[in-house]
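Working notes, beginning with the structure itself.
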Amino acid sequence: MKEKKLKIVLDCGNGATSLVAPQIFKKFGFEVIELFCQPDSNFPNRNPEPTFEATRFLRERVLKEKADFGV
Numbered sequence: 346m347k348e349k350k351l352k353i354v355l356d357c358g359n360g361a362t363s364l365v366a367p368q369i370f371k372k373f374g375f376e377v378i379e380l381f382c383q384p385d386s387n388f389p390n391r392n393p394e395p396t397f398e399a400t401r402f403l404r405e406r407v408l409k410e411k412a413d414f415g416v
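Here it is as structure tokens:
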């Protein structure tokens, strides 16, 4: 029986992790849905602070994609 890949939504917040995080998670076998994974020091999509409001897009996308979790 084949194991199901975990589906995750990865929010890099347009930060430096955008350059490596998607590849790392894919290497570990996750199905990755990328969110704001293009580096941009102006942070055009959301506030980079780890606040509840800043995670709104991530929470919505996890539900929309029926992902197992969001990071």
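Every position in the sequence shown, counted from 1, becomes a number in the numbering used here once 345 is added. Don't be surprised by glycine CBs; every beta carbon is placed ideally from N, CA and C. Owing to the predicted nature of the structure, the values given are computational and were not obtained by experimental measurement.
Considering Cα atoms alone, identify which of the options is closest to residue i.
i: L403; options: N392, T396, G415, E394; result: G415
i: Q368; options: G360, A361, V377; result: V377
i: T396; options: D413, S386, A412, G358; result: G358
i: E379; options: L355, F370, A399, E394; result: L355
Does the beta-carbon distance from residue i to residue j come in below 8 Å?
i: L408; j: P384; result: no
i: I353; j: A412; result: yes
If I'm right that residue i touches residue j with Cβ under 8 Å, what's the distance once you round it to whole angstroms?
i: G374; j: K347; result: G374 to K347, Cβ: 12 Å. No contact.
What does the alpha-carbon distance come out to for the pair residue i and residue j?
i: K372; j: N392; result: 28 Å
i: E410; j: A366; result: 19 Å
i: G360; j: E405; result: 20 Å
i: S386; j: R401; result: 20 Å
i: P389; j: T362; result: 16 Å
Is residue i near the ligand NAP, going by C-beta to nearest heavy atom under 7 Å?
i: E410; result: You won't find the ligand NAP in this model; it holds no ligand whatsoever.
Could you tell me which whole alpha helix (DSSP H) segments of length 4 or greater appear in the region 374 to 412? Qualifying alpha helix (DSSP H) stretches, in chain order: 401 to 410.
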